[in-house]
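Sequential numbering from 39 applies to the sequence shown in our numbering.
By construction, the Cβ of each residue, glycine as well, lies at the ideal position given by its N, Cα and C atoms.
Structure, as structure tokens:
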Amino acid sequence: MPWLRIRLKTGREQADSVSEAMERCGALAVMLEDAGDEALFAGPGHDSPRLWAQTSLSALLPADIEPTRFADEVAALLGIDKPPAWETDLLPDQDWERVWMDRFQPLHVGADLWICPSWLAPPPPPAISVVLDPGLAFGTGTHATTSLCLEWLATHSLAECELVDFGCGSGILAIAALKLGARSAWAIDIDDGALAVTCENAVRNEVHGRLTATLPDSLPAGIQADVVVANILAAPLIELAPHLAALTRTGGVLLLSGMLEQQAAEVGLHYSRNFIVESCQRDGWALLVCRKTPSGD
Ligand SMILES: C[S@@+](CC[C@H](N)C(=O)[O-])C[C@H]1O[C@@H](n2cnc3c(N)ncnc32)[C@H](O)[C@@H]1O
């Protein structure tokens, strides 16, 4: 049986009520997506909204539903005269779980590193695989801010390194670094949920004995690492500059990600006293590779 999909755009404030109205009028599922190109992250003092300024809603309905009637009913429930502009298409019946799973393919980074969902067989050694499923915590490797960091980690020797992953999300960067040869890793996040997911992923990848997941305030004083990676956002990266600089050992490297290309110069300025800063870009995002000089202590 084919399915009818009705798509429309709303503002952030209306998205939840429109979605609920669509469900009450018979939608079997409503998917909310970014209708523009807006990244959502969270951080202290930078509470990012949960939805996008322009949010696209796709409602899945039985194919025999009359779209105009559905849209009128949604408008009536919302107490508005006219439904927002909408478009429809017919979707062939599918195994929706299968479709969702097929979207996540192994991600190959550098020469040997693979990020693989658990339902696919990881490539055999010498490939180095991180098994990681998409979930609530950010970080499957597909976003440019993560893949820029992964690529740096996969193309530099991490043997015997101590690493700090500041803003660990799913733990992808810390776990990849441990699999690539780092000795130990601190995974830090302000979100307890992210820390829990990081611990689960560390167990699944058998690196839990070398990883400590903790809130920023619980990090022991005086910790320093050879590699510190922080994929957060421009504003917290600026705010955290003294802290991240202190966490990086002299001669070590600090990777800063999560900023747009046009924000890179300003973020770099806040680190230029302690570090030699170089930048690279992907899809409009920038990675700053900062090397801590002896005079930077
Ligand atoms: C964009 S995600 C990055 C996740 C993962 N490291 C990656 O590269 O895919 C940013 C993470 O940083 C965390 N975060 C935001 N601000 C933070 C802060 N000030 N201190 C520690 N973690 C923070 C968020 O909770 C989120 O899990």
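**Report entry** Residue interval of the alpha helix (DSSP H) (run including GLY30)
**Finding:** There is simply no residue 30 to check, as the chain begins at 39 and stops at 335 in what is shown.
Report task. Starting from the C-beta of ARG320, find all residues in its chain whose C-beta is less than 6 Å away, skip the five residues before and the five after it, and write them out in chain order. Result -> Taking the sequence shown and counting its residues from 1, the one referred to as residue 320 is at position 282. Closer than 6 Å at Cβ, skipping near neighbours: ALA182 and LEU186.
Requested in this report: Ignore the nearest five residues each way along the sequence and tell me which others in GLN301's own chain have a CB closer than 6 Å to its CB.
Outcome: Counting from one through the sequence shown, the residue named residue 301 turns up at place 263. Cβ neighbours of GLN301 beyond the five flanking positions: ALA272.
Query raised in the report: Can you give the Cα-Cα distance for LEU257 and TRP190, rounded to whole angstroms?
Result: To locate residue 257, count along the sequence shown from 1; it is residue 219. To locate residue 190, count along the sequence shown from 1; it is residue 152. Cα to Cα, LEU257 sits roughly 25 Å from TRP190.
Query raised in the report: Are there 16 or more other CB atoms within 10 angstroms of the CB of VAL241, so buried, or fewer, so exposed?
Result: Reading the sequence shown from its first residue, position 203 is the one you call residue 241. That one is exposed.
Report task. Can you give me the start and stop residues for the alpha helix (DSSP H) that MET39 sits inside? Result -> Looking up residue 39 in the sequence shown gives position 1. Element bounds for MET39: n/a, residue is neither H nor E.
**Report entry** Identity of the residue in ASP230, PRO161, LEU115 and GLY74 nearest ARG50 by Cα
**Finding:** To locate residue 50, count along the sequence shown from 1; it is residue 12. For the residues ASP230, PRO161, LEU115 and GLY74, the minimum Cα distance to ARG50 belongs to GLY74.
Query raised in the report: In terms of residue numbering, what span does the beta strand (DSSP E) encompassing ASP72 cover?
Result: Position 34 of the sequence shown holds residue 72. From DSSP, the beta strand (DSSP E) with ASP72 extends over 67-72.
Report task. Evaluate contact between the segment 91-99 and the segment 59-67, counting only Cβ atoms and requiring at least three cross-stretch pairs below 8 Å. Result -> Segment contact: the segment 91-99 against the segment 59-67, three or more CB-CB distances shorter than 8 Å; contact assigned.
Query - Secondary structure of SER156, DSSP reduced to three states - result: To locate residue 156, count along the sequence shown from 1; it is residue 118. In the structure shown, SER156 sits in coil (DSSP, three-state: anything other than H, G, I, E or B).
Query - CB-CB length for ALA192 against ASP150, believed under 8 Å - result: Within the sequence shown, residue 192 is the residue found at index 154, counting from 1. Within the sequence shown, residue 150 is the residue found at index 112, counting from 1. At roughly 7 Å, the Cβ-Cβ gap stays under 8 Å, so ALA192 and ASP150 are in contact.
Query raised in the report: Can you list the beta strand (DSSP E) stretches of 3 or more residues lying completely in the segment 240-292, in chain order?
Result: Restricting attention to beta strand (DSSP E) runs no shorter than 3 residues, the segment 240-292 encloses them at 249-252 and 263-269, ordered along the chain.
Query raised in the report: For ALA123, is the classification buried or exposed, using 16 other Cβ atoms within 10 angstroms of its Cβ as the cut-off for buried?
Result: Position 85 of the sequence shown, counted from the start, is the residue given in the question as residue 123. Counting Cβ neighbours within 10 Å, ALA123 comes out exposed, since fewer than 16 surround it.
Requested in this report: Using the Cα positions of TRP323 and ALA91, report the straight-line distance between them to the nearest angstrom.
Outcome: Within the sequence shown, residue 323 is the residue found at index 285, counting from 1. Within the sequence shown, residue 91 is the residue found at index 53, counting from 1. Going by the C-alpha atoms only, they are around 20 Å apart.
Query raised in the report: Helix or strand or just coil, what does DSSP make of LYS217?
Result: Within the sequence shown, residue 217 is the residue found at index 179, counting from 1. Three-state DSSP puts LYS217 in a helix.
Query raised in the report: According to DSSP, is PHE108 helix, strand or coil?
Result: Here residue 108 refers to the residue found at position 70 when the sequence shown is read from its first residue. Of the three classes helix, strand and coil, the one that applies to PHE108 here is helix, per DSSP.
Query raised in the report: Using 8 Å as the Cβ pair cut-off and three pairs as the minimum, do the segment 158-169 and the segment 209-228 touch?
Result: With the cut-off at 8 Å, the segment 158-169 and the segment 209-228 touch.
Requested in this report: Starting from the Cα of PRO121, find the closest Cα among MET60, CYS328, GLY231 and GLY148 and give me that residue.
Outcome: By 1-based counting over the sequence shown, the position of residue 121 is 83. Residue nearest to PRO121 within the set MET60, CYS328, GLY231 and GLY148 is MET60 (criterion: CA-CA distance).
Query raised in the report: Identify the residues that DSSP records as bridge partners of HIS146: which are they?
Result: Stepping through the sequence shown from its first residue, residue 146 is reached at position 108. According to DSSP, HIS146 bridges with TRP152.
Query raised in the report: Which same chain residues, not among the five before or five after ILE261, have their C-beta less than 8 Å away from its C-beta?
Result: Position 223 of the sequence shown, counted from the start, is the residue given in the question as residue 261. Taken in chain order, the residues that qualify are VAL202, TRP224 and LEU285.
Query raised in the report: Going by DSSP, which residues form a beta bridge with ALA324?
Result: Taking the sequence shown and counting its residues from 1, one reaches residue 324 at position 286. Checking the DSSP bridge columns, you'll see ALA324 partnered with MET297 and GLN319.
**Report entry** Cα-Cα separation between LEU275 and VAL305, rounded to whole angstroms
**Finding:** On the sequence shown, position 237 is the one that residue 275 refers to. On the sequence shown, position 267 is the one that residue 305 refers to. The straight-line gap from Cα to Cα measures roughly 7 Å.
Query raised in the report: Is the distance from the Cβ of PHE204 to the Cβ of ALA268 below 7 Å?
Result: Here residue 204 refers to the residue found at position 166 when the sequence shown is read from its first residue. Here residue 268 refers to the residue found at position 230 when the sequence shown is read from its first residue. Their beta carbons are under 7 Å apart, which means PHE204 touches ALA268 by this criterion.
Query raised in the report: When the Cα of THR288 is compared with those of MET39, ARG62 and ALA263, which residue comes out closest?
Result: Numbered from its first residue, the sequence shown carries residue 288 at position 250. Nearest to THR288 by alpha-carbon distance, out of MET39, ARG62 and ALA263, is ALA263.
Query - Own chain partners of LEU70 with C-beta closer than 7 Å, once the 5 adjacent residues on each side are dropped - result: Here the question's residue 70 lines up with position 32 in the sequence shown. The answer, listed in chain order, is ALA53, SER57, LEU89, THR93 and LEU95.
Query raised in the report: Under a three-way DSSP split, which group does ALA80 fall into?
Result: Start at 1 with the first residue of the sequence shown, and residue 80 comes out as number 42. Residue placement at ALA80 is flagged as unreliable, the pLDDT there being 45, under the threshold of 50; the coordinate-derived value follows with that caveat. Judged by DSSP in its simplified three-state form, ALA80 adopts coil rather than helix or strand.
Query raised in the report: Leaving out the 5 sequence neighbours to the left and right, which residues in its chain are closer than 6 Å to PHE176 when beta-carbon positions are compared?
Result: Here residue 176 refers to the residue found at position 138 when the sequence shown is read from its first residue. So the list reads GLY207, once near-sequence residues are dropped.
Query raised in the report: Between TRP152 and the rest of its own chain, which residues show a CB-CB distance below 8 Å, the 5 nearest in sequence each way excluded?
Result: Mapped onto the sequence shown, residue 152 falls at position 114. These residues qualify, in order along the chain: PRO144, LEU145, HIS146, PRO160, PRO161, ALA165, ILE166, SER167 and VAL168.
Query raised in the report: Say the cut is 6 Å; is the CB of PRO160 nearer than that to a heavy atom of ligand 1?
Result: Here residue 160 is taken as the residue at index 122 of the sequence shown, counted from 1. The answer is no for PRO160.
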